[in-house]
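**Q** Quick one: structure below, then a few questions.
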Amino acid sequence: MKFTTTFVCLLACTLSLKAQKQGTTKKIKPRNEFVTNLMGQMTVDEKIAQLVQFTADGTVTGPKGGNNFIDEIKKGNVGSILNATGVDYTRQLQKINLDNSRLKIPLLFGYDVIHGYKTIFPINLGETASWDLEAAKLSAQIAAAEAAASGVHWTFAPMVDITRDPRWGRVSEGAGEDTYLGSKMAYARVKGFQGNNLADLYTVLACTKHFAAYGAAEAGRDYNTVDMSERVLRETYLPPFKATVDAGVATFMTSFNEIGGVPSTGNKFLVNGILKKEWGFNGFVVTDYTGINEMVAHGFAKDEKHAGELALTAGIDMDMVGGVFLKYLKQSLAEGKVTQAQIDDACRRILEAKFDLGLFEDPYRYNDAKREKATVYKKEYLDAALSIANKSMVLLKNSNNVLPLRKEQKVAFVGPLVSDEFNIIGSWAALGDRNGYAVSVQEGINKLIADKSKTTFDKGVEVLGTKKELMQAALDNARKADVIVAVMGELENMTGEAASRTNIDLPGIQKEFLAELKKLGKPVVLVLMNGRPLTLTWESENMDAILEAWYPGTMGGDAIAQTLYGINNPGGKLPMTFPRSVGQIPVYYNHKNTGRPYFGNKDSEQKYKSRYIDSDNSPLYPFGYGLSYTTFSYSNLRLSSKNLTVSTKITISVDVTNTGNYNGEEVVQLYIKDITGSVTRPVRELKGFEKTVLKKGEKKTVIFEISAEDLKFYNIDMKYVAEPGDFEIFVGTNSDASLSSQFQLNIKQD
Ligand code: GLC
1 MKFTTTFVCL LACTLSLKAQ KQGTTKKIKP RNEFVTNLMG QMTVDEKIAQ LVQFTADGTV
61 TGPKGGNNFI DEIKKGNVGS ILNATGVDYT RQLQKINLDN SRLKIPLLFG YDVIHGYKTI
121 FPINLGETAS WDLEAAKLSA QIAAAEAAAS GVHWTFAPMV DITRDPRWGR VSEGAGEDTY
181 LGSKMAYARV KGFQGNNLAD LYTVLACTKH FAAYGAAEAG RDYNTVDMSE RVLRETYLPP
241 FKATVDAGVA TFMTSFNEIG GVPSTGNKFL VNGILKKEWG FNGFVVTDYT GINEMVAHGF
301 AKDEKHAGEL ALTAGIDMDM VGGVFLKYLK QSLAEGKVTQ AQIDDACRRI LEAKFDLGLF
361 EDPYRYNDAK REKATVYKKE YLDAALSIAN KSMVLLKNSN NVLPLRKEQK VAFVGPLVSD
421 EFNIIGSWAA LGDRNGYAVS VQEGINKLIA DKSKTTFDKG VEVLGTKKEL MQAALDNARK
481 ADVIVAVMGE LENMTGEAAS RTNIDLPGIQ KEFLAELKKL GKPVVLVLMN GRPLTLTWES
541 ENMDAILEAW YPGTMGGDAI AQTLYGINNP GGKLPMTFPR SVGQIPVYYN HKNTGRPYFG
601 NKDSEQKYKS RYIDSDNSPL YPFGYGLSYT TFSYSNLRLS SKNLTVSTKI TISVDVTNTG
661 NYNGEEVVQL YIKDITGSVT RPVRELKGFE KTVLKKGEKK TVIFEISAED LKFYNIDMKY
721 VAEPGDFEIF VGTNSDASLS SQFQLNIKQD
């Protein structure tokens with residue numbers, strides 16, 4: 001087994017050193033002095049123009065197409081453009097802008113660099129399954145380097161929306177259901193995108209989105225209503241956003257949804273109140289695509305002019321594509337509906353970001369064709385993409401150790417995604433190449449298995465559509481094999497934005513094809529490429545092995561091949577619960593106990609309990625779950641003390657042993673249960689994790705440290721405090737961990 005942790009760290013160091021060496025520009029003047037001086041010369045129109053973003057032609061990510069944006073640039077009406085990429089094109093647009101800008105204020109170029117720019121990494125949900133914060137930081141760092149070298153200043157990432165509903169297509173873009181893991185990932189990704197200095201030529205502004213609680217859309221239907229208590233908002237959904245402020249994120253993006261009747265784009269309490277005032281965020285806030293205009297449809301603004309006033313007053317600084325600020329703000333100012341101070345504050349925040357990038361020093365500093373060519377698709381980046389894809393693999397089932405495969409076996413590779421190079425890089429894949437550059441599973445296998453008599457490749461079925469004639473050829477080859485590997489899943493456009501599903505089974509007739517394959521009486525391995533948890537109850541009962549590969553990115557085929565043949569031992573853990581059925585949704589590990597908790601199965605006699613009569617309450621695969629080709633045992637859980645006070649810490653130690661035949665990586669997880677609170681508390685919450693490499697037979701002691709800070713929550717008075725009382729801790733391999741111990745928190749004994 002090849003371990004790549006060292007490789008990833010080494011690469012990270014190389015990258016950060018290289019970035020720092022590159023041109024960090026000296027500042028022309030202290031920022032505040034420069035911006036104040038510039039704003040002193042600007043007219044109201046020129047200030048409002050900074051608040052305006054239009055989209056370049058071609059790529060649109062919302063209901064409106066590319067506006068006549070070049071005319072608007074020529075009129076000096078634009079501060080930022082999204083969806084323009086490449087050093088040549090952005091240079092061209094920047095020149096048009098500067099030639100028509102009285103004060104030579106540069107344009108800011110934004111783009112959705114979500115999980116890679118050209119070198120594409122696993123979708124963020126998949127990358128989160130690695131539970132590897134260094135890997136998450138590195139992929140963001142590489143994405144930033146390729147984007148910045150290609151003329152992009154600003155990425156609309158990380159997406160940090162917590163979500164407990166796999167019907168929602170955008171679960172693919174985030175870090176899943178858990179606040180603690182999501183906060184750690186959010187922090188790492190911002191650090192990766194922004195590095196230590198925004199003026200470095202290989203870093204970009206990050207943008208935390210979608211503020212806020214977009215992942216709680218009712219029924220998992222995109223853009224749908226969100227309604228929750230302030231306690232749930234603050235305790236579950238906001239911490240990852242706050243983590244990015246702590247990481248120094250430069251920008252935020254508001255979400256399309258309303259929360260409790262108030263659209264985020266016009267939500268004073270959320271934007272000015274929590275983000276800017278309470279958290280002290282001093283970057284700028286952009287709306288999502290036409291989010292201002294949409295407040296009319298929400299029924300929150302009587303017309304677009306009113307929507308613009310509500311947005312600016314709420315704390316919005318930039319209007320993405322809507323054209324509302326451009327069209328109405330000057331009139332609203334004249335009418336006293338908004339103030340000059342509000343416009344000035346928004347303008348200043350945006351100018352400061354442009355200053356920090358060094359754009360006033362040199363508006364073309366990110367437009368170096370040689371640097372672009374030398375940076376994109378660097379071998380070390382592709383190697384990192386392979387390493388991170390390997391880390392994202394989650395082994396869900398492996399009966400009779402059917403995996404890893406052996407090279408002498410005859411294997412029939414089948415399935416609609418077995419030779420796919422298009423969907424494998426997932427949705428929101430920026431400028432990732434979809435025709436021929438990404439490594440398909442077939443290509444990955446062929447690199448490993450030289451003897452072509454050992455493998456066959458047949459689609460068998462499409463992901464969607466019912467063409468059954470393909471199936472026969474596949475079945476004929478499968479009949480002659482020792483093992484069958486089916487590569488199946490969702491098309492990339494069935495996940496991501498505006499891609500909610502009411503049925504999250506394997507689409508089309510893929511399951512029917514699996515049933516035909518099973519009839520052949522050979523071991524069947526299911527490899528999944530998908531952007532959300534799927535309902536796999538039949539598959540879990542009928543497949544011999546299941547490998548969750550997500551959309552593994554540019555090097556995905558190599559990662560899947562290396563995992564199937566044991567070069568990579570899968571160590572990923574689910575960042576999101578896999579339900580038994582859609583009927584269970586929302587189902588997540590850190591739920592409340594209720595007054596009638598139920599722990600049995602669907603056949604037990606207990607009636608008056610919180611349960612279903614046709615399903616177990618437990619999910620198919622719980623949060624934090626993932627197998628390995630080896631096995632691990634946990635023992636000797638011990639605490640340094642059974643009594644915690646507000647000024648002490650408790651050390652938690654556990655011994656973890658690799659009891660199997662392969663070297664492997666285990667994510668040791670720590671959960672804590674607050675037995676009683678002034679409000680009810682979850683049955684357990686993730687409070688720590690440690691990725692641990694163990695050679696076969698090796699034992700290590702893993703140590704966690706907790707303090708009263710880790711026990712805080714919003715109490716009955718909405719104060720963020722830890723309350724004295726009894727706590728239980730659980731340590732283990734997933735959120736069902738049963739190895740436990742107890743301690744008390746005593747506030748008084750200080
Ligand atoms: C889209 C998405 C958002 C993206 C933006 C710009 O509608 O909601 O995540 O960053 O528009 O493409």
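So for the sequence shown, full-length UniProt numbering puts the first residue at 1; every next one is plus one.
Glycine included, C-beta positions come from ideal geometry on N, C-alpha and C.
Bear in mind the structure is a predicted one, so any value in this text is a computation, not a measurement.
Count the other CB atoms within 10 Å of the CB of alanine 334; is the residue buried (16 or more) or exposed (fewer)?
**A** Residue numbering aside, residue 334 sits at position 334 when the sequence shown is read from its first letter. Exposed: under 16 other Cβ atoms inside 10 Å.
**Q** Assuming serine 387 is part of the alpha helix (DSSP H), what are its boundary residues?
**A** The residue you call residue 387 lines up with position 387 of the sequence shown. Run containing serine 387: 379 to 392, per the alpha helix (DSSP H) assignment.
**Q** Is glutamate 497 a contact residue of the ligand GLC, with contact defined as CB to any heavy atom under 7 Å?
**A** Locating residue 497 in the sequence shown gives position 497, where the first residue counts as 1. Correct: glutamate 497 has its Cβ closer than 7 Å to the ligand GLC.
**Q** Name the DSSP bridge partner or partners of valine 702?
**A** Locating residue 702 in the sequence shown gives position 702, where the first residue counts as 1. BP columns for valine 702 point to Val654.
**Q** Look at the alpha carbon of aspartate 681 and the alpha carbon of tyrosine 671, and state the distance between them as a whole number of angstroms.
**A** As a working mapping, residue 681 is identified with position 681 in the sequence shown. As a working mapping, residue 671 is identified with position 671 in the sequence shown. In the sequence on display, residue 681 carries arginine and not aspartate. About 13 Å.
**Q** Candidates Phe743, Tyr720, Ile703 and Arg31: which alpha carbon is nearest arginine 349's?
**A** The residue labelled residue 349 in the question sits at position 349 within the sequence shown. For arginine 349, the nearest C-alpha among the options comes from Arg31.
**Q** My understanding is that phenylalanine 743 touches leucine 644, with C-beta atoms under 8 Å, so please give their C-beta distance in whole angstroms.
**A** Stepping through the sequence shown from its first residue, residue 743 is reached at position 743. Stepping through the sequence shown from its first residue, residue 644 is reached at position 644. The pair is a contact, with the Cβ atoms about 6 Å apart (cut-off 8 Å).
**Q** Does the stretch 549 to 566 come within contact of the stretch 197 to 206, defined as at least 3 CB pairs closer than 8 Å?
**A** no
**Q** Please identify the residue among Ser635, Gly626 and Phe252 whose C-alpha is closest to the C-alpha of threonine 733.
**A** Locating residue 733 in the sequence shown gives position 733, where the first residue counts as 1. Of the candidates Ser635, Gly626 and Phe252, the one whose C-alpha sits nearest the C-alpha of threonine 733 is Gly626.
**Q** Taking C-alpha atoms, which residue in Thr225, Ala243 and Met253 lies nearest to valine 262?
**A** Within the sequence shown, residue 262 is the residue found at index 262, counting from 1. Minimum Cα distance to valine 262 is reached at Thr225.
**Q** Between which two residues does the alpha helix (DSSP H) carrying tyrosine 671 extend?
**A** On the sequence shown, residue 671 is found 671 positions in, with the first residue counted as 1. From DSSP, tyrosine 671 is part of no alpha helix (DSSP H) but of the beta strand (DSSP E) over 664 to 674.
**Q** Look at alanine 216 and tryptophan 550 and say whether their C-beta atoms are less than 8 Å apart.
**A** The sequence position of residue 216 within the sequence shown is 216, counting from 1. The sequence position of residue 550 within the sequence shown is 550, counting from 1. No, they are not a contact pair.
**Q** Rounded to whole angstroms, what is the Cα-Cα separation between tyrosine 621 and leucine 396?
**A** In the sequence shown, the residue the question calls residue 621 occupies position 621. In the sequence shown, the residue the question calls residue 396 occupies position 396. Rounded to whole angstroms, tyrosine 621 to leucine 396 spans 8 Å at the Cα level.
**Q** State whether the stretch 405 to 412 contacts the stretch 573 to 593, with contact taken as three or more CB pairs (one from each stretch) at a distance under 8 Å.
**A** no
**Q** Check whether the stretch 145 to 152 and the stretch 86 to 94 are in contact - that is, three or more C-beta pairs closer than 8 Å.
**A** yes
**Q** Is tyrosine 589 close to the ligand GLC? I mean its beta-carbon at under 7 Å from any heavy atom of the ligand.
**A** In the sequence shown, residue 589 corresponds to position 589, counting from 1. Every heavy atom of the ligand GLC is 7 Å or more from the Cβ of tyrosine 589, so no.
**Q** At the level of alpha carbons, what is the spacing between isoleucine 96 and proline 619?
**A** Here residue 96 is taken as the residue at index 96 of the sequence shown, counted from 1. Here residue 619 is taken as the residue at index 619 of the sequence shown, counted from 1. Near 56 Å, if we compare the C-alpha coordinates of proline 619 and isoleucine 96.
**Q** Specify the secondary structure class of asparagine 355 as computed by DSSP and reduced to three states.
**A** One-based indexing of the sequence shown puts residue 355 at position 355. The sequence given here has phenylalanine at residue 355, not asparagine. It is helical.
**Q** Using DSSP with H/G/I as helix, E/B as strand and the rest coil, what is glycine 23?
**A** Mapped onto the sequence shown, residue 23 falls at position 23. Bear in mind that a pLDDT of 47 at glycine 23, under 50, signals an unreliable position, so the number given afterwards is only what the model happens to contain. Looking at glycine 23 - three-state DSSP - the assignment turns out to be coil, as it is neither helix nor strand.
**Q** For aspartate 319, verify whether its CB is less than 7 Å away from any heavy atom of the ligand GLC.
**A** Numbered from its first residue, the sequence shown carries residue 319 at position 319. Flag unset: Cβ of aspartate 319 not near the ligand GLC.
**Q** Which residues share a DSSP beta bridge with arginine 638?
**A** In the sequence shown, the residue the question calls residue 638 occupies position 638. Bridge partners of arginine 638: Ser653.
**Q** Out of curiosity, what's the CA-to-CA distance linking cysteine 669 and leucine 686?
**A** Numbered from its first residue, the sequence shown carries residue 669 at position 669. Numbered from its first residue, the sequence shown carries residue 686 at position 686. Position check: residue 669 holds glutamine in this sequence, whereas cysteine was assumed. Linking glutamine 669 to leucine 686 through their CA atoms gives a straight-line distance of about 7 Å.
**Q** For glycine 460, tell me which candidate among Ser453, Asn477, Ala450 and Ile567 has the shortest Cα-Cα distance.
**A** As a working note, residue 460 is residue 460 in the sequence shown. Glycine 460 has its Cα closest to that of Asn477, out of Ser453, Asn477, Ala450 and Ile567.
**Q** For the ligand GLC, is there any heavy atom lying closer than 7 Å to the beta carbon of lysine 459?
**A** As a first step, residue 459 must be located in the sequence shown, where it is residue number 459. For the ligand GLC, not one heavy atom lies less than 7 Å from the Cβ of lysine 459.
**Q** Could you tell me whether any non-hydrogen atom of the ligand GLC is closer than 7 Å to the CB of glycine 211?
**A** In the sequence shown, residue 211 corresponds to position 211, counting from 1. This sequence places phenylalanine at residue 211; glycine is not what is there. Incorrect: phenylalanine 211 has no Cβ contact closer than 7 Å to the ligand GLC.
**Q** May I ask you to check if the CB of phenylalanine 193 is nearer than 7 Å to at least one heavy atom of the ligand COA?
**A** Questions concerning the ligand COA fall outside what the structure shown contains, since the ligands it does hold are the ligand GLC.
**Q** Relative to the alpha-carbon of threonine 236, which residue among Gly182, Gly260 and Val249 has its alpha-carbon at the smallest distance?
**A** Taking the sequence shown and counting its residues from 1, one reaches residue 236 at position 236. Taking only the C-alpha atoms, the option nearest threonine 236 is Gly182.
**Q** Using only alpha-carbon positions, find the residue among Val721, Ser738 and Arg479 that is nearest to isoleucine 747.
**A** To locate residue 747, count along the sequence shown from 1; it is residue 747. Residue Val721 holds the alpha-carbon nearest to the alpha-carbon of isoleucine 747 among Val721, Ser738 and Arg479.
**Q** For glycine 583, collect the residues of the same chain with a Cβ closer than 6 Å to its Cβ; drop the 5 residues on either side in sequence, then sort them by chain order.
**A** Against the sequence shown, residue 583 aligns to sequence position 583. Answer for glycine 583: no residue qualifies.
**Q** Going by beta carbon distance, what residues of the same chain come within less than 6 Å of lysine 47, once the five residues before and after it are set aside?
**A** By 1-based counting over the sequence shown, the position of residue 47 is 47. Once the five neighbours on either side are set aside, the close Cβ partners of lysine 47 are Ile343 and Cys347.
**Q** List the DSSP bridge partners of lysine 373.
**A** As a working mapping, residue 373 is identified with position 373 in the sequence shown. Per DSSP, none; premise fails for lysine 373.
**Q** Any heavy atom of the ligand GLC closer than 7 Å to the CB of aspartate 288?
**A** As a first step, residue 288 is located in the sequence shown; it is residue number 288 there, counting from the start. Relative to the ligand GLC, aspartate 288 has its C-beta within less than 7 Å of a heavy atom.
**Q** Using a Cβ-Cβ cut-off of 8 Å, state whether lysine 519 counts as contacting chain D.
**A** No chain D is present in this structure, which holds just one protein chain.
**Q** So what does DSSP say about valine 338, is it helix, strand or coil?
**A** In the sequence shown, the residue the question calls residue 338 occupies position 338. For valine 338, the secondary structure class from DSSP, reduced to helix, strand or coil, is coil.
**Q** From Lys75, Leu517 and Ile445, pick the residue whose C-alpha is nearest to that of glutamine 472; which is it?
**A** As a working note, residue 472 is residue 472 in the sequence shown. Looking from the CA of glutamine 472, the closest CA among Lys75, Leu517 and Ile445 belongs to Leu517.
**Q** With distances taken between CB atoms, is the gap from glycine 192 to phenylalanine 156 smaller than 8 Å?
**A** In the sequence shown, the residue the question calls residue 192 occupies position 192. In the sequence shown, the residue the question calls residue 156 occupies position 156. No, these two residues do not count as a Cβ contact at 8 Å.
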